[in-house]
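Visitor:
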Amino acid sequence: EAGVAQSPRYKIIEKRQSVAFWCNPISGHATLYWYQQILGQGPKLLIQFQNNGVVDDSQLPKDRFSAERLKGVDSTLKIQPAKLEDSAVYLCASSLEVGTGEQFFGPGTRLTVL
Amino acid sequence: DAKTTQPNSMESNEEEPVHLPCNHSTISGTDYIHWYRQLPSQGPEYVIHGLTSNVNNRMASLAIAEDRKSSTLILHRATLRDAAVYYCILRSTGNQFYFGTGTSLTVIP
């Protein structure tokens with residue numbers, strides 16, 4: 017079974033530039049999550065989708081971050097404009113559905129903002 | 811917003827058992843206790859989870875206190891491949907995970 021795919025794996029940009037990350041969840045998984053992991057910290061949930069609807073985006077900085085999952089499968093997370101403090105690993109995860117427990121994580125995208 | 815407390819780091823000798831503690835004194839009756847681990851440069855991976863009773867799987871055992879305010883992840887024989895950051899997480903009914911800073915486990919050959 018293929019795992020959660022993310023691209024790119026690494027990205028370096030300058031502050032005030034825009035960047036987008038892509039995630040392809042495990043086939044059949046209805047729930048998709050984006051996390052931000054700053055160096056030395058645990059992952060922090062940014063947004064959770066159930067199919068193509070948002071379940072929780074309470075910790076998403078909506079003035080600069082946006083995410084979509086138009087067809088209920090792939091998802092993109094965008095930052096516009098980026099700040100230095102956005103340097104982190106962005107992790108995508110998926111699960112069969114809400115409440116089933118196990119989340120499967122992708123390898124992450126490491127973003128460096130200069 | 812982390813709801814769990816874990817030691818920052820622990821060490822274990824190879825092939826010896828490891829007990830990783832976690833405190834979650836504000837746990838609610840419907841919160842599940844999950845453990846994930848994260849190897850360097852990888853996303854977290856599932857280890858085990860439980861609600862009230864102790865749980866065993868091929869990777870580890872989970873011992874949950876009777877009052878559910880603490881739990882212990884048990885690795886029966888640590889190997890070098892078990893060196894990772896271990897996260898104890900409370901899962902709400904909406905399936906949101908709140909990660910703390912985890913315990914960095916070092917396995918000594």
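Residue numbers (this note's numbering), protein chains in the order written: chain A, 17 to 130; chain B, 811 to 919.
Where a beta carbon is used, it is the ideal one built from N, C-alpha and C, also for glycine.
Note that the coordinates shown come from a computational prediction; the quantities given were computed from them, not determined experimentally.
8 Å is my cut-off, CB to CB: does Thr815/B come that close to chain A?
Guide: no
Visitor: Using only the alpha-carbon positions, how far apart do Asn864/B and Ile54/A sit?
Guide: Approximately 32 Å, taken between the alpha carbons.
Visitor: Buried or exposed, going by whether 16 or more other CB atoms sit within 10 Å of the CB of Ser926/B?
Guide: Because chain B here runs from 811 to 919, residue 926/B falls outside it and cannot be looked at.
Visitor: State the start and end residues of the unbroken beta strand (DSSP E) segment that holds Pro827/B.
Guide: Counting along the chain, Pro827/B falls outside any beta strand (DSSP E), and DSSP gives it neither H nor E.
Visitor: When the Cα of Asp841/B is compared with those of Ser822/B, Ser881/B, Leu890/B and Leu885/B, which residue comes out closest?
Guide: Ser881/B
Visitor: For Arg891/B, which of helix, strand or coil comes out of DSSP?
Guide: Helix, per DSSP.
Visitor: For His834/B, count neighbouring Cβ atoms within 10 angstroms of its own Cβ and tell me buried if that reaches 16, exposed if not.
Guide: buried
Visitor: Relative to the C-alpha of Asp72/A, which candidate in Trp50/A, Ser91/A and Lys87/A has its C-alpha closest?
Guide: Comparing Cα positions, the closest option is Trp50/A.
Visitor: Report yes if the CB atom of Leu890/B is closer than 8 Å to the CB atom of Val857/B, and no otherwise.
Guide: no
Visitor: List, in order along the chain, the chain A residues whose C-beta lies closer than 9 Å to that of Asn864/B?
Guide: Within chain A, no residue comes near Asn864/B; the closest Cβ sits about 17 Å away, beyond 9 Å.
Visitor: With the cut-off set at 8 Å, would you say Thr128/A and Ser103/A are in Cβ contact?
Guide: Yes, these two residues count as a Cβ contact at 8 Å.
Visitor: Look at the Cβ atom of Ser822/B, then the Cβ atom of Leu915/B, and state whether they are nearer than 8 Å.
Guide: yes
Visitor: List the residues of chain A whose Cβ lies closer than 8 Å to the Cβ of Gly912/B, in chain order.
Guide: Simply Gly58.
Visitor: Just verifying my parser: in three-state terms, what is the DSSP assignment at Asp79/A?
Guide: coil
Visitor: Can you have a look at Tyr26/A and say buried or exposed, based on whether 16 or more other CB atoms are within 10 angstroms of its CB?
Guide: exposed
Visitor: In chain A, what lies closer than 9 Å to Pro919/B by C-beta?
Guide: Per Cβ cutoff of 9 Å: no residues; Pro919/B is ~25 Å from chain A at best.
Visitor: Identify the contact partners of Phe81/A in chain B, using a Cβ-Cβ distance below 8 Å as the criterion.
Guide: Residues of chain B passing the Cβ test: none, with the nearest at roughly 17 Å.
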